[in-house]
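Trainee: Pasting in a structure now, in structure tokens, and then I'll have a few things to ask.
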Amino acid sequence: MSKKNKKDIDLMMEKFEQICKSRGLRITHQRTEIFKSLIQDTNHPTTENVFNKVRKQLKTISLDTVYRTIATFEEYGLIKRVHHIDNTTRFDNNITTHHHLVCTICNKIE
């Protein structure tokens, strides 16, 4: 999977804002940073991965807030849950139907 460039990320953030506005979901700084973290990570992050990344920007954010926000994003169709071979739950911002390849050596998802 290729890295996302700034233009792709900006377009995804615009779409995020449009979906939130159309569905009446408030666009908060925390939600924006969590979504940005999800779309910048091409390795299908876990909730804990997102928390650790976002916490660098938002020192007071809690793991519970990240869990609830990710659940909200999933409910609103902004992300999809991916069940990984190592029994972790990961998330994908590509919500179109597609397949994943999992390396049997390092467990990386492509």
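To convert, note that position 52 of the sequence shown is 44 in this note's numbering; the numbers rise steadily by one, no gaps. All C-beta atoms, glycine included, are put in the ideal place defined by N, C-alpha and C.
1) How is ASP33 classed by DSSP in three states: helix, strand or coil?
2) Using the rule of at least 16 other Cβ atoms within 10 Å of the residue's Cβ for burial, across every protein chain shown, is SER29 buried or exposed?
3) Would you report the Cα separation of ALA63 and LYS(-1), rounded to the nearest angstrom?
4) Taking the straight line between their C-alpha atoms, what separation do you get for TYR59 and THR38?
5) Got a sec, what are the start and stop residues for the alpha helix (DSSP H) LYS(-1) sits in?
6) Give me, in chain order, the residues of the same chain whose beta-carbon lies closer than 8 Å to that of ARG15; leave out the 5 immediate sequence neighbours on both sides.
7) Compare the beta carbon distance of ILE19 and GLU9 with 9 Å and say whether it is the shorter of the two.
8) Under 9 Å between the Cβ atoms of GLN22 and THR61?
9) Where VAL46 and LEU3 are concerned, what is the direct C-alpha to C-alpha distance, given to the nearest angstrom?
Mentor: On the basis of the coordinates in this document:
1) coil
2) buried
3) 26 Å
4) 10 Å
5) -2 to 14
6) TYR68
7) yes
8) yes
9) 20 Å
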